[in-house]
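Protein chains in written order, with my numbering: chain A, 1 to 247; chain B, 1001 to 1247.
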């Protein structure tokens, strides 16, 4: 399996045709997309192309946001946006851990200042699976190849330091792979192993993207294992409360 | 960045010289190790080579283990081993979520039946960083190349379904990469981004290993970003309680 970062991706603006930009940048990188490639795309450029940017100058914070912002040492307008993107507050630490409208639990409901234009924050895409599907469909139509697509975000972990990339939207890629019933090297059946291929690929792809100004928000993954491919939706990754294992 | 799984790794037994087995299997796969390669090794073969296997027939469960096992529908002897490998119980669900003696929080303290010989369980290595260092030192001495080494385990996540590979031991690889102060594409400083290169690589490598009987417990990673290399210890990945973000 290979990870090929696309260099010199242009800065994405609201209204840009992202699938088209991806295909153009693939060509500029002298890469030709192949059947079974996976296109891993950083959430921030998806959000920007879809106009999911908020200019903080236009935000009027509520009293609650002002009070919370004071406690957290944050911009009250940013807190206002975070709350409006949340469906449930999990914990208020130095960041706000909340459940997004999609169901994901993450810091600040995915609202992010980094790689957003000055005075702006980006929001997560409205429907990241749909965003992924648009890229997949465009490439199939334009180049005649079937690729998988993963939209990534970078998230913290409960018991481990350091953020890693995870999948928040997919097309043609499995978010879960149920290995129960398969046999181990001694012929014993595995009883509880369900893995997440989409998150595994997202993690390494986001490492290739870097987080700072490297302008590589898209990584092509080639020769991924067959087990990765299939139809799924990212909501399947959300652990239901009744299956709560850790907390 | 490329992930090259080594095929047909032999079944590892207690007392086996694992670094030597890795070098031999690399050769049988017609791969030659290069400066800057990262050798990703599944915990189970490290544990087995170090004799970290318990035959459940030799375990006498305590009353507590018997009571807990009844509640969990588990083998009381396995529960006994899990408790003896734990330094703190985090939650008792259908699995036991505990803190290992190393400090990691995971299911069943890393005690695993899969890919263990019949009637046996494997325990995590005593000191996975040291296990990684032994492999690194052997390869440097034998082949004259400097490689990084990551020992992986497969772990569940608090708010997401599906397990992913993580690093539990490293040599020559950074577990955390502090990007704070670097600039984003608009020239703004990143304020809070610390990533985990070792976990990002572990996730994709474990995907290549598969979980069942594919006999590929070792994956070579080539052309990883320079930011991945450096000296660190896996304990740095453990989130201190006072930095508790999510729960």
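Virtual Cβ for every residue (Gly too), placed ideally from N, Cα, C.
These numbers come from a predicted model, not from an experiment.
Below-9 Å beta-carbon distance, residue i vs any chain A residue
| i | result |
| --- | --- |
| residue 1161/B | yes |
| residue 1052/B | no |
| residue 1114/B | yes |
| residue 1087/B | no |
| residue 1117/B | yes |
| residue 1201/B | yes |
| residue 1093/B | yes |
| residue 1125/B | no |
Own chain residues within Cβ distance below 6 Å of residue i, not counting five before or after
| i | result |
| --- | --- |
| residue 1091/B | 1097 |
| residue 182/A | 190 |
| residue 49/A | 12, 16, 18 |
| residue 82/A | 96, 108, 109, 111 |
| residue 225/A | none |
| residue 89/A | 98 |
| residue 1068/B | 1079 |
Cut-off 7 Å between Cβ atoms - residues of its own chain near residue i, not counting five sequence neighbours on either side
| i | result |
| --- | --- |
| residue 973/B | Chain B is shown only over 1001 to 1247; residue 973/B falls outside these bounds and no answer can be derived. |
| residue 86/A | 98, 99, 100, 109 |
| residue 175/A | 167, 196, 198, 232, 234, 236, 237 |
| residue 1122/B | 1044, 1047, 1048, 1052, 1053, 1112, 1116 |
| residue 55/A | 119, 120 |
| residue 1184/B | 1190 |
| residue 1062/B | 1080 |
According to DSSP, residues forming a beta bridge with residue i
| i | result |
| --- | --- |
| residue 1120/B | 1055/B |
| residue 1107/B | 1097/B |
| residue 1002/B | 2/A, 1222/B |
| residue 1069/B | Paired residues: none, contrary to the question. |
| residue 89/A | 98/A |
| residue 165/A | 154/A |
| residue 1170/B | 1150/B |
| residue 1199/B | According to DSSP, residue 1199/B bridges with nothing at all. |
| residue 1178/B | 1194/B |
| residue 112/A | 122/A |
| residue 1160/B | 238/A |
Cα-Cα separation between residue i and residue j, rounded to whole angstroms
| i | j | result |
| --- | --- | --- |
| residue 190/A | residue 78/A | 46 Å |
| residue 1244/B | residue 95/A | 11 Å |
| residue 1104/B | residue 1075/B | 23 Å |
| residue 1147/B | residue 1172/B | 7 Å |
| residue 177/A | residue 170/A | 14 Å |
| residue 1141/B | residue 1165/B | 29 Å |
| residue 1022/B | residue 1004/B | 13 Å |
| residue 180/A | residue 192/A | 6 Å |
| residue 1135/B | residue 120/A | 48 Å |
| residue 230/A | residue 1207/B | 15 Å |
| residue 1058/B | residue 1046/B | 22 Å |
| residue 43/A | residue 114/A | 12 Å |
| residue 1025/B | residue 1138/B | 14 Å |
| residue 1132/B | residue 1125/B | 10 Å |
| residue 1066/B | residue 1106/B | 21 Å |
| residue 1194/B | residue 205/A | 16 Å |
| residue 151/A | residue 127/A | 11 Å |
Residue i at chain B interface by Cβ criterion, 9 Å
| i | result |
| --- | --- |
| residue 191/A | yes |
| residue 230/A | no |
| residue 76/A | no |
| residue 243/A | yes |
| residue 13/A | no |
| residue 248/A | This structure cannot speak to residue 248/A, because chain A is shown only from 1 to 247. |
| residue 79/A | no |
| residue 61/A | no |
| residue 237/A | yes |
Contacts around residue i, its chain only, beta-carbon distance under 8 Å, and the 5 residues preceding and following it disregarded
| i | result |
| --- | --- |
| residue 1007/B | 1029, 1215, 1216 |
| residue 1073/B | 1094 |
| residue 31/A | 4, 6, 220 |
| residue 1203/B | 1164, 1165, 1166 |
Contact test: residue i Cβ vs the ligand HEM heavy atom, cutoff 8 Å
| i | result |
| --- | --- |
| residue 1226/B | In the structure shown, the ligand HEM is absent, as is every other ligand, since no ligand is present at all. |
Do the stretch 234–245 of chain A and the stretch 1159–1174 of chain B touch if we need at least three Cβ pairs shorter than 8 Å? yes
Is it a yes or a no for the stretch 36–43 of chain A touching the stretch 221–235 of chain A, going by three-plus beta-carbon pairs under 8 Å? yes
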